[in-house]
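I have placed the structure first, in the form of structure tokens, so that the comments after it can refer back to it.
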Amino acid sequence: MEYKIEKKPAPGRDEVEVLGDTFEEGTPEGEELGKWRQKLDSREDKLRYLQSGERYWFSEEWFGSEKRKTPA
Amino acid sequence: MAEEKETKSIDQASIELIEKAAKDGVNTVFDRADAMKPCPIGSVGSCCKNCSMGPCRVPLPKGREETPEDKQKRRGVCGATAETIAARNFIRMVAGGAAAHSDHGRGVAELFLAVAKGKAPGYEIKDEQKLMQVALDWGIEIGDRSNNEIAVDIGEKALAEFGRQEGELITLRKAPLKRQELWRQQGVSPRGIDREIVEIMHRTHIGVDQDYKNLLKQGVRAAIGDGWGGSMIATELQDILFGTPAPVLGKANLGVLEKDKVNIIIHGHEPLLSEMIVAVAQEPEMIELAKSKGAKGINLSGMCCTANEILMRHGVAIAGNFLQQELAIVTGAVDAMVVDVQCIMQSIQTVAECYHTKIITTSPKAKIPGAVHIEFDEHDALKSAREIVKTAIENFPNRKGGVYIPGEPVNQIAGFSHETINYLLGGLFRASYRPLNDNIINGRIRGVAGVVGCNNARVKHNEGHVNMVKELIKNDVLVLTTGCNAIACAEAGLLVPEAAREFAGKGLAEVCETVGIPPVLHLGSCVDNSRILIAATAVVKDGGLGDDISELPVAGAAPEWMSEKAISIGQYFVASGVYTVFGVTWPTTGSKEVTDFLFKEMEEMYGGMWDFEPDPIRAAHLMIAHIDKKRKALGIDKARERVLYDMEMRRELDAV
Ligand code: SF4
Ligand code: SF4
């Protein structure tokens, strides 16, 4: 994902650059709700998403209800 | 005998067009169903024509119990018993269905490989994330390789699964671990997609396998090769090529046709060509050409599963389901109906001859005498698509009078792939099925049902679908839908979030309102039933509801089924541990043993079993009873009955 950089006034200094929101404002609605896959743009982001979002299959640590099982 | 004539559909637009067809002197599926009753012997699986000593008919005695002597006599010329004959017929249906889905999958894999090698201009890999996902699933190296390099490996591996001779399909690895183990124990893990289908054809030939249990076992193996193999490959590769579906707003029913525009209906199953037609219909030159012929533009819509495919990815409107294909032509407003494979009635050509519609066949596998054939060439898909769209436009001025488009289109939201459900429930940073599992455990959602399948001219169009789904959601059962059931639900207004308030029980409505989803989720076409399998697996893997699909409070149904594909789908649902109820008719009732095996013994072996109930409300109750049985086994049945005590009630309790 692309990080937003915001400029903010700082006491005793000129403007400084800080990291902006990493979340989206409000709840996406209508068509916006559908456009979620476009939010991940680099291959690393996509792979990271798969490891967490699709952890049921791709995370080393996640076994959910199958954790007691020996691997098939 | 002045009986009032029963309507043939619950859909007003369809009723009006059935009447118009009668006035126009057009013969439709509804007339033919009236004129020709199903054969009572064949419909229960008691007829064999597998060799020329037959056909042999082995019906049960009429109006009395079968005696042992009767049973002895119920044999074909070759000696095959009624059990063997019923089982052979049943698994030949599985073979037909599995072949249809899987050949679709093979077609996708071939195109996929051509795209990866740069030999199919016009197509590209649209979903890199899904490409990564499948590469991880199938153990294909990602590293710094280009998408196309990875895709070549995926395409080759996919194609090899069809002709694989030994071991087991790689796609089975997606299933819950316990299920994979159970399949191995039962000896039904498919070795290769094609191999299991061919083996059915061999074993049902005269004089081969004559043990009904052994025959039915092979049916299970081939069906798993469909749902967890051919169909799954079709879905996965289509997602990579055309994008994984995400929620889209679309419209449904015959009212989507527009009088002033060139109407093109894409009907059939595969999205390969239709994706190109969608692109070409938006080209300025095509729109100009349409205008030069007096039309205001081009209006695309879909029918049957092609409709579901292009709806899920582009929001293209759906004109109708299986029993509406002739009716669409009866409007007089369809300039071309473009068809590929599966569920296309030959009679659309005869109906088209009464109006001006051009039927355009596009697959070398599926031709219709009298229709225009414009073959889809995947290596030059845009050219084929342009020729098709042009043919439609040029046909616009040939419209005859009497165009009638009934009804208004209905809104629907589709596009609920497993990936999107996961995202919607948990968000981008922690996509998850947890909220679903939690709500099942706390009882707001009683269970989940997959309601799928066709229309059938032997029962009122869409009635079984809509009544069953309404009954399920009223009882807090979340419904996942595909195929013609999804279209029926769309036409009845069930695929919008507002439907939750109107039709769902309190618990389910609360969840739908919180997440912002309809109570009935449209997962796609018939091959996308594999998405239901994946969603069920994700529920298992998330935890808290047992460790196999057979432990989940879920059920499946096809209330208006008719195709062999539906039987294959049902068989792999059952083999995956799902209780599955079919309506209309049941094709093995000619043999008690075979039917008992499917309805009872399969539960002991696979945790899931078949059932048959033609009344959709009663069938819904059977599904709910099964869901409750599973809730009880999981120890979560109490959650639904828990009462929240307020202070006054507590005080009363203390006083006791
Ligand atoms: S295979 Fe046997 S039961 Fe079937 S048609 Fe031939 S003789 Fe009759
Ligand atoms: S659901 Fe049945 S009728 Fe509809 S498209 Fe699929 S197989 Fe054909």
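For the record, the sequence lines run as chains A and B. Letter by letter, the first sequence follows residues 0 to 71 of numbering that gives the first Met the number 0. Letter by letter, the second sequence follows residues 0 to 655 of numbering that gives the first Met the number 0. All C-beta atoms, glycine included, are put in the ideal place defined by N, C-alpha and C. Just so we're clear, the structure is a prediction, and the values are computed from it rather than from any experiment.
Check	Outcome
Taking the DSSP output, what are the residues bridged to residue 7/A?	15/A
From this set, 204/B, 287/B, 315/B, 203/B, which residue's C-alpha is nearest residue 486/B's C-alpha?	315/B
Going by the DSSP bridge assignment, what does residue 196/B pair with across the sheet?	Answer is none; residue 196/B lacks a bridge partner.
For residue 39/A, go through chain B and note every residue whose CB falls closer than 7 Å to its CB, in chain order.	128
Closer than 7 Å: is that where the CB of residue 49/B sits relative to any heavy atom of ligand 1?	yes
Going by Cα to Cα distance, which pick from 322/B, 420/B, 621/B is closest to residue 482/B?	322/B
Is the Cβ-Cβ distance between residue 517/B and residue 493/B less than 8 Å?	yes
For chain A, find out if any of its Cβ atoms is closer than 8 Å to the Cβ of residue 665/B; answer yes or no.	Absent from the model: residue 665/B. The displayed extent of chain B is 0 to 655, so no value can be given.
Using DSSP's beta-bridge definition, name the partner residues of residue 521/B.	480/B
Taking only the alpha-carbon atoms, compute the straight-line gap between residue 51/B and residue 440/B and give it to the nearest angstrom.	57 Å
Compare the C-beta of residue 12/A with all C-beta atoms of chain B and state if any pair is closer than 8 Å.	no
Which residue marks the beginning of the beta strand (DSSP E) containing residue 609/B, and which one marks its end?	609-611
Is it right to say residue 49/B is buried, meaning 16 or more other beta carbons lie within 10 angstroms of its own, or is it exposed?	buried
Fully enclosed by the segment 404-485 of chain B, which beta strand (DSSP E) runs are 3 residues long or longer?	409-413, 446-450, 476-481
For chain E, find out if any of its Cβ atoms is closer than 8 Å to the Cβ of residue 3/A; answer yes or no.	Reference to chain E is not applicable here, since the protein chains of this structure are A and B.
Residue 618/B: which of 346/B, 580/B, 630/B, 137/B sits nearest, CA to CA?	580/B
First and last residue of the beta strand (DSSP E) that includes residue 658/B?	Chain B is shown from 0 up to 655; residue 658/B falls before or after that span and cannot be answered.
Note the first and the last residue of the continuous beta strand (DSSP E) segment covering residue 248/B.	247-251
So for residue 539/B, helix, strand or coil by DSSP?	helix
Looking at residue 531/B and residue 477/B, is the spacing between their C-beta atoms short of 8 Å?	no
On the DSSP bridge list, what partners appear for residue 261/B?	297/B
In three-state DSSP terms, what is residue 557/B?	strand
Taking Cβ positions only, does residue 58/A come closer than 8 Å to chain B?	no
Under the assumption that residue 23/B contacts residue 461/B (Cβ atoms under 8 Å), give the Cβ distance between them as a whole number of angstroms.	Going by Cβ atoms, the distance from residue 23/B to residue 461/B rounds to 23 Å, so no, they are not a contact pair.
Determine the direct distance from the alpha carbon of residue 459/B to that of residue 7/B, and round the result to whole angstroms.	5 Å
Does the beta-carbon of residue 54/A have 16 or more other beta-carbons within 10 angstroms, so that it is buried, or is it exposed?	buried
Could you check which residue in 233/B, 630/B, 176/B has the C-alpha nearest to that of residue 525/B?	233/B
Please indicate yes or no: does the CB of residue 267/B lie closer than 7 Å to some heavy atom of ligand 1?	no
Kindly list, in the order they appear in chain A, the residues whose Cβ is closer than 8 Å to that of residue 131/B.	42, 45, 46, 49
What do you get for residue 397/B, buried or exposed, if any count of 16 or more other CB atoms within 10 angstroms of its CB means buried?	exposed
In this structure, does DSSP put residue 391/B in helix, strand or coil?	helix
Quick one: which chain A residues come within Cβ less than 8 Å of residue 173/B?	56
Residue 199/B: beta carbon under 7 Å from a heavy atom of ligand 1?	no
Would you mind telling me which residues of chain A sit closer than 8 Å to residue 421/B, beta carbon to beta carbon, in chain order?	52, 53
In chain order, what residues of the same chain have a beta carbon less than 8 Å from the beta carbon of residue 134/B, not counting five sequence neighbours either side?	140, 141, 149, 152, 153
What I want to know is whether the C-beta of residue 92/B ends up closer than 7 Å to one or more non-hydrogen atoms of ligand 1.	no
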